[in-house]
Amino acid sequence: MPVDVNVLKTISIFEDICEANLHKLSSIICPLRVCEEEMLTRRGIPATNLYIVTSGNFMAFFKGGQSVTLHNKGDVIGWSSIITPFRYKGSSVALTDGEVLCIPSRKLLRLVRENSELATKLIQKINTVIQNRLPFVNGQPVVENETVRHAA
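Have a look at this one:
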């Protein structure tokens with residue numbers, strides 16, 4: 062079942078997106094309940110879904126031992142699903158029961174190819190996620206700040 066547009070309006074990654082585009086997005090996004098210890102992503106496998114945290118606690122861990130916990134509504138897991146080479150850079154596990162919004166990458170990529178306004182806004186948001194995540198992926202020392210929460 063698609064997610065309610067009003068739910069999307071409360072999530073930072075979708076905050077600048079117009080109502081019409083939110084409706085298009087809602088048609089491809091499904092809420093998903095996640096159980097404690099459930100894996101959402103595995104490093105190295107084809108990245109097929111982008112996840113947005115709505116509740117619960119998650120950990121993303123990367124080659125070299127870097128990890129980050131994600132527990133804020135709107136935290137992103139699996140951005141590799143929309144960036145080449147389309148393989149997850151890290152593994153993500155639920156630390157508690159929770160919920161995420163699951164966005165199939167093929168559907169999202171098709172939608173943004175057809176809609177430049179939506180593409181621009183989402184890519185700007187995802188770019189911030191990528192910039193904050195790269196130190197974890199590359200095994201560099203991480204300086205904690207508020208924007209790191211999007212680092213999955």
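Everything in the sequence shown is counted per my numbering, starting at 62 for the first residue and increasing by one. Yeah, the Cβ is synthetic: ideal placement off N, Cα and C, and Gly gets one too.
Beta-carbon gap between residue i and residue j smaller than 7 Å
i           : j           : result
residue 95  : residue 159 : yes
residue 90  : residue 162 : yes
residue 17  : residue 119 : Since the first residue of the chain shown is 62 and the last is 213, residue 17 is not available in this structure.
residue 114 : residue 87  : no
residue 93  : residue 153 : no
residue 148 : residue 121 : no
residue 151 : residue 123 : yes
residue 166 : residue 144 : no
Residue i: first and last residue of the uninterrupted alpha helix (DSSP H) it sits in
i           : result
residue 114 : Element bounds for residue 114: not the alpha helix (DSSP H) but the beta strand (DSSP E), 110-116.
residue 172 : 166-175
Buried versus exposed call for residue i [16 or more other C-beta atoms within 10 Å across all chains shown]
i           : result
residue 127 : buried
residue 70  : exposed
residue 141 : buried
residue 195 : exposed
residue 188 : exposed
residue 175 : exposed
Range of the contiguous beta strand (DSSP E) that encloses residue i
i           : result
residue 87  : Premise fails: residue 87 lies in the alpha helix (DSSP H), 80-87, not in any beta strand (DSSP E).
residue 226 : Outside the shown range of the chain, which is 62 to 213, sits residue 226, and nothing can be said about it.
residue 156 : Where residue 156 is concerned, there is no enclosing beta strand (DSSP E), given that its DSSP letter is neither H nor E.
residue 103 : Run containing residue 103: none; DSSP gives neither H nor E here.
residue 130 : 128-131
residue 120 : 119-123
residue 94  : 91-95
Own chain residues within Cβ distance below 7 Å of residue i, not counting five before or after
i           : result
residue 73  : 135
residue 98  : 154 and 155
residue 183 : 173
residue 236 : Lying outside 62 to 213, the shown extent of the chain, residue 236 is not represented and no answer is given.
Same chain, Cβ closer than 6 Å to residue i, neighbours up to 5 away in sequence not counted
i           : result
residue 164 : 90 and 111
residue 157 : 97, 117 and 118
residue 83  : 66 and 69
residue 206 : Here the model assigns residue 206 a pLDDT of 44, short of 50, so the residue's position is not dependable and the matter cannot be decided.
Close beta carbons around residue i, own chain, < 8 Å, minus the five adjacent residues each side
i           : result
residue 51  : With the chain covering 62 to 213 only, the question about residue 51 has no answer from this structure.
residue 179 : 78, 82, 85, 86, 172 and 173
residue 76  : 70
residue 62  : 91 and 92
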